[in-house]
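This report concerns only the one structure given below.
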Amino acid sequence: MSDLYAITLPDGSVREVPAGTTPGDIAAAIGPGLAKAALAARVNGELRDLNRPLEGDSALALVTARDEADALELVRHDYAHVLAEAVQALFPGTQITFGPSTDDGFYYDFAPKDRPFTEEDLPAIEAEMRRIIAADKPLVREVWPREQLIARWRAAGETFKAEWAAELPEGEELTVYRSGHDWLDMCRGPHLASTGKLDPQAFKLTRVSGAYWRGDQKNAMLSRIYGTGWLTKKQLDAHLFRLEEAAKRDHRKIGQEMDLFHLQSEAQGSVFWHPKGFVLWRQLEAYMRRRLDAAGYEEVKTPQLMDARQWEQSGHWGKYRENMFVVPDEIPSTEEEGPILSGKAELMALKPMNCPAHILIFKQGIKSYRDLPIRMAEFGCCHRNEPHGALHGIMRVRQFTQDDAHIFVREDQLIEEIKAFCDLLDSVYRDLGFEQYAIKLALRPEKRFGSEEMWDKAEQTLRDAVAAAGRATEAYGWEELPGEGAFYAPKLEFHLTDAIGRTWQVGTIQADTVLPERLDASYVGEDGQRHRPVMLHRAILGTFERFIGILIEHHAGRFPAWLAPVQAVVATIVSDADDYALSVVEKLRAAGIRAEADLRNEKINFKVREHSVAKVPNLLVIGKREAEEGTVALRPLGADARQEVLALDAAIARLVREGTPPDLARA
RNA sequence: GCCGGGUUAGCUCAGCUGGUAGAGCAACCGCCUUGUAAGCGGUAGGUCGUCGGUUCGAGUCCGACACCCGGCACCA
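Pasting the structure below:
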């Protein structure tokens, strides 16, 4: 046993240090600047405390603010600890539970003594956090024996921590971090050397919420405090600015400003589409229909209401009923007194999915292996009885229309069909302005039908197909999500991100053998025998509601011309130009352009501003000159936009070109 | 469904510790015929989310319910 360890630094140099030396000591030996800048260390690749002694020959790299990912993770974790310490100082009797870092900050879950926290509590807590940071309390790692640690938590009344300490896996080293002398939290670490390493101006507590202990609805409701935390105040300010900018893109705000849709309490979770919003919908639907037609799909339309027995057979009644709207098959009584419904009627249900109906179409007549694949599409309107707390603008609603389709295939066609779907989906997202999306594989859930073998096979098929399409990569945020699949099949999920970083699943494809089995769908094979088809459930937009919501936020309401509700406004400067302006609008409309006239008795400044705010992509300004010369002044949307005076025909040609949907432009 | 917050004119928002509602924009009317992001003046508009309670008196205090917002859980 040597008393000297050989420490290899990133530049390849090796230092011999005595046992007991810490990374912090080495930083100090290299230079005071580094000692000050060092936040933590990577020892043999593992992130560690600066003041934790090295345990042998090691590769050592010191982590500073330049290693941004590591540094942010460290400070956020520390902010969470300081938050917990501050809360316990201000609210004695509050229990601490768990507080990790997040994508832009941190949170900590507390079990409050008498009442949950409110946002009014936050300023005082922030002030206390700043005091703790100013006190520059050292954060020291200690390893505790399990029983002693549990006893410590019990003695302090920390039942959640005690429960957790008792359940941490056997053989795991239980560590606590001590802040100064008086406060400790159980934590794997690592932490900064002291609270003073944090910038007291680089964090902000943002909101409070409830959260279940261990994320389980059956457990106690804790009180969570969220914060955002950064290395510097400049970073924090930039983040807060981004949030403000993102809030301006909120689809609910823009939807109202642009008069696209509204929601009201009499139809909660269902969207009232206004004329302008429905133009968007129709453009999107027409586009999707063309793409599906071209890709060999056939469109169908199926019933809204089906008998409960049908849903029993499909399995929805058993596994999905809590999400369904059930309707008695009965004529309500019109008697003034007495019950409206007898309560004895047979039940029907609004469809939450289109799949059973599509199988029923598939089952009409005999299908041959030569008929497959059959790609059956429906812009299907579905109802799901979502929990009230889940509703969110038009992104999460109770009535929605999917760009749904079910592809009935032989097993040997599976990979090819899934791959073709991935390519189609990619092309659609690009046409709609999305370069980036994430792909995830949702694996078998707890509530499910089918054998383990069937799930093994279905999951592997999806894995193979995405790999075959070359998209199971980090660029696509590829990951597998255990337990997240549908009750009948695993699914590939395609996620887009909204204005403030929330991600929404839009597209999906699911490889299902359960429903064809339950509803007895079959085809006659080459061998003359009956075989089960595999059914691919798939959607690209997911739902029109959610997708349009994301489109609004993605484009901040400034839609590409082919989607814009109003593509051009013809605005006059003087009333002498009214007749000419109306004839221009007429010609634009004849050319298929969604154009409106603005003949109001207002200054052109006013009109320019108003139509700019309304995000109309093109303004055609017409004054005396244009009316006399038969031209228009074409002013594209944007403060810095240049204006061109064009002959009317040339302007129309340009607007037609700009307004052509991307698939038609390619043709 | 759970925790916290909210709901006042078409929109955005004021309204202190209870004394019977206010601004800007929009709308409407009038003036201005206007040249590239808000021209000027005037008029009208609200049973303050709903129901109940406390009080001489409730937008304001209390309770229930509905819906919305932020999360949690659930999910396209």
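Per my numbering, the first sequence runs over residues 159 to 825. No residue lacks a Cβ here, since even glycine has one placed at the ideal position from N, Cα and C. Because the structure is a prediction, the values reported are computed rather than measured.
Per the coordinates, the alpha-carbon of residue 446 lies some 58 Å from the alpha-carbon of residue 192.
For residue 742, the enclosing alpha helix (DSSP H) has its first and last residue at 736-748. Judged by their CB atoms, residue 383 and residue 275 are nearer to each other than the 7 Å cut-off. With a cutoff of 7 Å on beta-carbon distance, residue 290 and residue 353 are scored as near each other. Counting of Cβ neighbours within 10 angstroms places residue 376 among the exposed residues, the total staying below 16. Unbroken beta strand (DSSP E) runs of no fewer than 3 residues, entirely contained in the stretch 461-506, are found at 463-465 and 484-486, following chain order. Bridge partners of residue 204 according to DSSP: 201. Counting along the chain, residue 821 sits inside no beta strand (DSSP E); it lies in the alpha helix (DSSP H) bounded by residues 820-824.
Taking a contact to require three or more Cβ pairs closer than 8 Å, the stretch 716-731 and the stretch 454-465 do not qualify as touching. Excluding residues up to 5 positions away in sequence, 244, 247 and 248 lie with their Cβ nearer than 6 Å to the Cβ of residue 286 in the same chain. Two segments are said to touch when three or more pairs of C-beta atoms, one from each, lie closer than 8 Å; by this definition the stretch 300-309 touches the stretch 331-351. A straight line joining the alpha-carbon of residue 576 with that of residue 650 spans about 10 Å. Comparing alpha carbon positions, the residue from 221, 659, 630 and 747 closest to residue 811 is 747. Pairwise C-beta distances place the stretch 388-405 out of contact with the stretch 316-327, as fewer than three of them are shorter than 8 Å.
Each of 693, 319 and 544 was checked against the Cα of residue 268, and the nearest Cα belongs to 319.
For residue 379, the secondary structure class from DSSP, reduced to helix, strand or coil, is strand.
For the options 340, 387, 758 and 336, the alpha carbon positioned closest to that of residue 357 is the one of 387. Sixteen is the threshold: since fewer than 16 other Cβ atoms of the shown chains lie within 10 Å of the Cβ of residue 500, the residue is exposed. Taking 7 Å as the cut-off, the Cβ atoms of residue 230 and residue 197 do not count as close. Under the DSSP assignment, residue 426 falls outside any alpha helix (DSSP H); it carries neither an H nor an E label. Excluding five sequence positions before and after residue 587, the CB atoms of its chain that fall closer than 7 Å to its own CB belong to 595, given in chain order. Distance check between residue 163 and each of 204, 188 and 211 places 211 closest, using alpha-carbon atoms only. Checking the DSSP bridge columns, you'll see residue 597 partnered with 652. For residue 814, the enclosing alpha helix (DSSP H) has its first and last residue at 806-816. Residue 612 and residue 479 have their C-alpha atoms spaced approximately 24 Å apart. Shown here, residue 802 sits in a strand according to DSSP, grouped into three states. Look at residue 614 here: in three-state DSSP terms it is helix.
Of all alpha-carbon atoms in 563, 194, 734 and 635, the one lying nearest the alpha-carbon of residue 785 is that of 734.
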